[in-house]
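Residue numbers (this note's numbering), protein chains in the order written: chain A, 7 to 718; chain B, 1193 to 1261. Each residue gets a CB set at the ideal place from its N, CA and C atoms; glycine is no exception. Okay, structure first, notes after.
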Amino acid sequence: MSLKAALAGNPNCGKTTLFNALTGSSQYVGNWPGVTVEKIEGRLKTDKNIILTDLPGIYSLSPYTDDEVVSRNYLIREKPDLIINIIDASNLERNLYLTTQLAELGIPMILALNMTDIVRKNGDIIDVQKLSKHLGCPAVEISALKGTGLKQLTDTVQTALRERPIPTPPLFPQPLEKALSSVWDQKDFPQPPLFSRWLSVKILEGDRKIAEILPIPDEQKTKTAQSARILEKKYGDDIESLISAERYKTIENMLRDCYKRKIRDITVSDRVDSIVTNRWLSLPIFAVIMFSVYFISVTTVGSVATDWTNDVFFGEWIIPGLRNLMESAGTAPWAVSLTVDGIVGGVGAVLGFLPQMFILFLMLSFLEDCGYMTRVAFIMNRFFKKFGLSGKSFIPLLISSGCGVPGIMATKTIENEQNRRMTVITATFIPCGAKLPVIALISGAALGGAWWAAPAVYFTGIAAVACTGIILKKTKPFEGITAPFVMELPPYHWPAPRNLLIHVWERCRSFIVKAGTVIFLACTLIWFLSSFGFDETGFGMTSVEKSLLARTGSILAPLFIPLGFGNWEAAVATVTGLAAKENIVGTFGVLLNRGESGEIDAGLLTAVMNLFPSKAAAFSFLMFNILCAPCFAAIGAIRKQMGNPKWTIFAVAYQTLFAYTVSLIIYQFGRVISGEALSVGTLAAAAAVIVFIYALVRNPETEKRLFSRSRQ
Amino acid sequence: MPLSSAPKGSVSSIKKITGNDETRRFLSHLGFVEGAAVTVVSETAGNLILKIKASRIAVEKALAKKIFV
């Protein structure tokens, strides 16, 4: 039978890096607390019989956020055969706080002292032998990042699974120990259950959730509560604070003879922090950084590479080459059209944006990995609080700039339910990687490659988050106090090139996989629907204008007339974007190839430009597709996080309505600015602006309740 | 005095933490316990970056007011 070993430790101490190194997986690693929000399993590379579980980071066994609950429940309910307690040795005291609690569980345990390379660099000295003796379990020095000590660690894991070393938790002062020993009544519990010491502490603390794990007789509860009150009186502090403080004291005592910490001056991280979190400079610095990221990846370097891939590689080589090859081989015309126009045209149009995506992901990964993004969360807290979000919401939003699905999942680290819901609703306003091809295509084609387009989309996304926050905060379901912002800031470091490349590769790979699956199918479907239809001769292959797709698209198109893109191609592209946002580009690729009946000389960009009457219409189309309902995968993630169909529907409906309003305003005012006459549309847009402003500035609701009937 | 009034660069010892139980408990796990030494690394409009034990913790103004040193 397989043996289970669990990786437990503080947030951001390197659990996932170690997990990847030991199992050969490539789970996402980031330099901020709370990257892992779900448990992940894998088998040890060196022994397939051992299942390793990577758990979300925890500071203690009293969970504060949802992801921490995952870890505690796993340890208590699944009872792994071994706990591998990974410790950030450069922050020994704080990490041992959890260790002393894990030791109380009575599950076999070993210590993996990580980041020992940094400890050595700092000039600190840890006597590992003595530490191991104090805690009664084996300890190994490793560096998960550098890959040192891993052989010794796996050997220790093997031995520990055989010998099952039960740790010895350090003892509290006498009065506390006495109170703990009186928790178990001989009559009710002739034999203390598993986890008895940890349970004793929890019961003494008066932890209410413990009842879920073990029912305690009332008599026993009263008795324990009494001894807790006596202790509180004696020490002049409440029992929980008292136990925390004593725990830290026992750690201090333990470390006295096995840890020497060098006194340090101001570190590089401190110096960097004083600049990037500066009251006046912090926001401009952030704006310049994000502007550069999108400007470089979409407009400058990325665009050169993408233009070449689209226009030369696919446009001049692959598509005409393949067409000639198939035609000269005598392939049926419909098959040539399906392959060249449909599949290669559609999938190729999407894949052409890979270079831009690569550069975007590379820069985002660098920012995430170096430690800057946690600082932005801190800076943003000041502003986010004003619109009902916490600075912690920034991390999910940031992850959403790669992909909305993990972004939405990352909302688990937000303590407050209202904040969490709000973040789930707004996460996909931030343009994800899949939307990048759309941004690049529209800004390249219809906006003449404007330098401001890509950054503008990003900042509009942030503005959409802010406005949504302000608007929803005023409604009853979202009112309430946000949890205070407390967050650990990791030290800055230079990201390891290997890690960066793994991140970028993982993201690009999933983009390619999506192109080969979802987008491949969608493009094939689009080709069929745009090739067949009813004409004078009945059902059969026909011109694009008479195809089933054009007819269905024409039904939807009027919806988008007020937004400036009321043609059936744009309507169809928007709908296909629900399967995956890249599909918008794929659909254009197929349709435009079909429309020109194989003439490629115009190129994708020019062809797309002809679809939109003006720049305002193109920008309106772009913003609608960025802000409206996300792809099905993201909607699924929303459903999972909301855990309630009503909230899911609300989220998607809100996003779409919001997108519609914004696009309406952009297009209609764009028209007027460019000198066109006022119309009913202008009036509607003006009304939308007024409603929008009212929603932003009105007094908070107190009476009305959204979904009042669903609540008790 | 509350930590929010402690000058940048100062090292002080925690006397008391007020506020709701959840947050107090979380702070205590991070090392904010009575008697612990805490350094103010940086200050931005009342929001602080603190050094406690060997870790760097960011706390907002409202919370810094509840930690007394």
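Cβ pair residue i, residue j closer than 8 Å
{"i": "Trp-190 (chain A)", "j": "Glu-110 (chain A)", "result": "no"}
{"i": "Ala-657 (chain A)", "j": "Phe-630 (chain A)", "result": "no"}
{"i": "Ser-96 (chain A)", "j": "Ile-64 (chain A)", "result": "no"}
{"i": "Leu-442 (chain A)", "j": "Val-614 (chain A)", "result": "no"}
{"i": "Asp-368 (chain A)", "j": "Val-519 (chain A)", "result": "Checking the sequence, you will find Leu at residue 368 (chain A) rather than Asp. Not a contact, by the Cβ cut-off of 8 Å."}
{"i": "Ala-701 (chain A)", "j": "Ile-420 (chain A)", "result": "no"}
{"i": "Glu-1235 (chain B)", "j": "Lys-1200 (chain B)", "result": "yes"}
{"i": "Gly-570 (chain A)", "j": "Ser-626 (chain A)", "result": "yes"}
{"i": "Ile-1206 (chain B)", "j": "Val-1230 (chain B)", "result": "yes"}
{"i": "Ala-635 (chain A)", "j": "Gly-592 (chain A)", "result": "no"}
{"i": "Gly-439 (chain A)", "j": "Gly-595 (chain A)", "result": "no"}
{"i": "Leu-98 (chain A)", "j": "Ile-132 (chain A)", "result": "yes"}
{"i": "Leu-28 (chain A)", "j": "Lys-51 (chain A)", "result": "yes"}
{"i": "Arg-381 (chain A)", "j": "Leu-495 (chain A)", "result": "yes"}
{"i": "Ala-585 (chain A)", "j": "Cys-637 (chain A)", "result": "yes"}
{"i": "Leu-177 (chain A)", "j": "Glu-169 (chain A)", "result": "no"}
{"i": "Phe-538 (chain A)", "j": "Leu-554 (chain A)", "result": "yes"}
{"i": "Ile-93 (chain A)", "j": "Cys-19 (chain A)", "result": "yes"}
{"i": "Ala-470 (chain A)", "j": "Phe-517 (chain A)", "result": "no"}
{"i": "Phe-525 (chain A)", "j": "Gly-676 (chain A)", "result": "Before going further, note that residue 525 (chain A) is Ile rather than Phe in the sequence given. Not closer than 8 Å, so no."}
{"i": "Arg-285 (chain A)", "j": "Ala-1237 (chain B)", "result": "yes"}
{"i": "Trp-653 (chain A)", "j": "Arg-515 (chain A)", "result": "no"}
{"i": "Asn-91 (chain A)", "j": "Leu-117 (chain A)", "result": "yes"}
{"i": "Gly-394 (chain A)", "j": "Pro-437 (chain A)", "result": "no"}
Classification of residue i by the beta-carbon crowding that lies within 10 angstroms, buried from 16 upward
{"i": "Trp-340 (chain A)", "result": "exposed"}
{"i": "Glu-246 (chain A)", "result": "buried"}
{"i": "Val-668 (chain A)", "result": "buried"}
{"i": "Lys-398 (chain A)", "result": "buried"}
{"i": "Glu-575 (chain A)", "result": "buried"}
{"i": "Phe-320 (chain A)", "result": "buried"}
{"i": "Pro-62 (chain A)", "result": "buried"}
{"i": "Arg-100 (chain A)", "result": "buried"}
{"i": "Asp-607 (chain A)", "result": "Model confidence at Asp-607 (chain A) stands at a pLDDT of 43, short of 50, so the residue's coordinates are unreliable; what they give is reported in the following sentence. Exposed: under 16 other Cβ atoms inside 10 Å."}
{"i": "Trp-500 (chain A)", "result": "exposed"}
{"i": "Met-260 (chain A)", "result": "buried"}
{"i": "Glu-1214 (chain B)", "result": "exposed"}
{"i": "Gln-647 (chain A)", "result": "buried"}
{"i": "Arg-513 (chain A)", "result": "buried"}
{"i": "Pro-223 (chain A)", "result": "exposed"}
{"i": "Val-318 (chain A)", "result": "exposed"}
{"i": "Ser-680 (chain A)", "result": "exposed"}
{"i": "Lys-239 (chain A)", "result": "exposed"}
{"i": "Lys-587 (chain A)", "result": "buried"}
{"i": "Thr-71 (chain A)", "result": "buried"}
{"i": "Leu-370 (chain A)", "result": "buried"}
{"i": "Gly-242 (chain A)", "result": "exposed"}
{"i": "Val-1203 (chain B)", "result": "exposed"}
Supposed close pair residue i, residue j - CB separation, criterion 8 Å
{"i": "Ala-433 (chain A)", "j": "Ile-445 (chain A)", "result": "Going by Cβ atoms, the distance from Ala-433 (chain A) to Ile-445 (chain A) rounds to 17 Å, so no, they are not a contact pair."}
{"i": "Asn-422 (chain A)", "j": "Ala-472 (chain A)", "result": "Contact flag wrong, Cβ pair sits at about 18 Å."}
{"i": "Arg-1248 (chain B)", "j": "Val-1233 (chain B)", "result": "7 Å"}
{"i": "Thr-106 (chain A)", "j": "Ile-257 (chain A)", "result": "7 Å"}
{"i": "Ser-280 (chain A)", "j": "Ile-365 (chain A)", "result": "About 31 Å separates the two Cβ atoms, so there is no contact after all."}
{"i": "Val-14 (chain A)", "j": "Ile-89 (chain A)", "result": "The question names Val, but residue 14 (chain A) is Ala in the sequence shown. Ala-14 (chain A) to Ile-89 (chain A), Cβ: 5 Å. Contact."}
{"i": "Lys-1245 (chain B)", "j": "Gly-1223 (chain B)", "result": "5 Å"}
{"i": "Leu-186 (chain A)", "j": "Val-207 (chain A)", "result": "7 Å"}
{"i": "Gly-348 (chain A)", "j": "Trp-533 (chain A)", "result": "3 Å"}
Open item on the list: So within the stretch 415-468 of chain A, which uninterrupted alpha helix (DSSP H) runs reach at least 4 residues, ignoring any that extend past its ends?
Closed with: 423-433 and 442-451
Open item on the list: Suppose only complete runs of 4+ residues qualify. What are the alpha helix (DSSP H) ranges in the stretch 618-696 of chain A, listed by chain order?
Closed with: 621-633, 638-648 and 651-679
Task: Sequence ranges, alpha helix (DSSP H) only - wholly within the stretch 48-127 of chain A, length at least 4 - done: Complete alpha helix (DSSP H) runs here, min 4: 72-79 and 98-110.
- [ ] Give the residues from the stretch 1218-1237 of chain B that approach chain A closer than 8 Å (Cβ to any Cβ), ordered along the chain.
- [x] Phe-1218, Leu-1219, Ser-1220, His-1221, Leu-1222, Gly-1223, Val-1225, Glu-1226, Gly-1227, Ala-1228, Val-1233, Ser-1234, Thr-1236 and Ala-1237
TODO: Report the residues of the stretch 263-291 of chain A with a CB closer than 8 Å to any CB of chain B, ordered along the chain.
DONE: Arg-267, Ser-275, Asp-276, Asp-279, Ser-280, Thr-283, Asn-284, Arg-285 and Ser-288
- [ ] Please list the residues of the stretch 59-73 of chain A that have a C-beta atom closer than 8 Å to any C-beta atom in chain B, keeping them in chain order.
- [x] Tyr-65, Ser-66, Ser-68 and Tyr-70
- [ ] Could you please tell me which residues of the stretch 236-266 of chain A, in chain order, have their CB closer than 7 Å to any CB of chain B?
- [x] Asp-243, Glu-246, Ser-247, Ser-250, Ala-251 and Tyr-254
Task: Cβ-based contacts, 9 Å cut-off: residues of the stretch 1241-1252 of chain B near chain A - done: Ile-1241, Lys-1243, Ile-1244, Lys-1245, Ala-1246, Ser-1247, Arg-1248, Ile-1249, Ala-1250, Val-1251 and Glu-1252
- [ ] Could you tell me which uninterrupted beta strand (DSSP E) segments, each at least 3 residues in length, are contained entirely in the stretch 462-504 of chain A, listed from first to last along the chain?
- [x] 492-495
Task: Residues within the stretch 503-535 of chain A neighbouring chain B, beta-carbon criterion of under 8 Å - done: none
- [ ] Kindly provide the ranges of any beta strand (DSSP E) runs that are 3 or more residues long and lie completely inside the stretch 504-546 of chain A, ordered along the chain.
- [x] Those beta strand (DSSP E) runs which fall completely within the stretch 504-546 of chain A and span 3+ residues are 538-541.
TODO: Determine which residues of the stretch 478-492 of chain A have a Cβ less than 9 Å from any Cβ of chain B, and write them out in chain order.
DONE: Ala-489, Pro-490, Phe-491 and Val-492
Open item on the list: To be precise: take each residue of the stretch 91-103 of chain A, compare its Cβ to all Cβ atoms of chain B, and keep it if any distance is under 8 Å. Which residues remain?
Closed with: Ser-96, Asn-97, Leu-98, Glu-99, Arg-100 and Tyr-103
- [ ] Closer than 9 Å, Cβ to Cβ, to anything on chain B: give me those residues from the stretch 364-389 of chain A, in chain order.
- [x] Thr-380, Arg-381, Ala-383, Phe-384, Ile-385, Asn-387 and Arg-388
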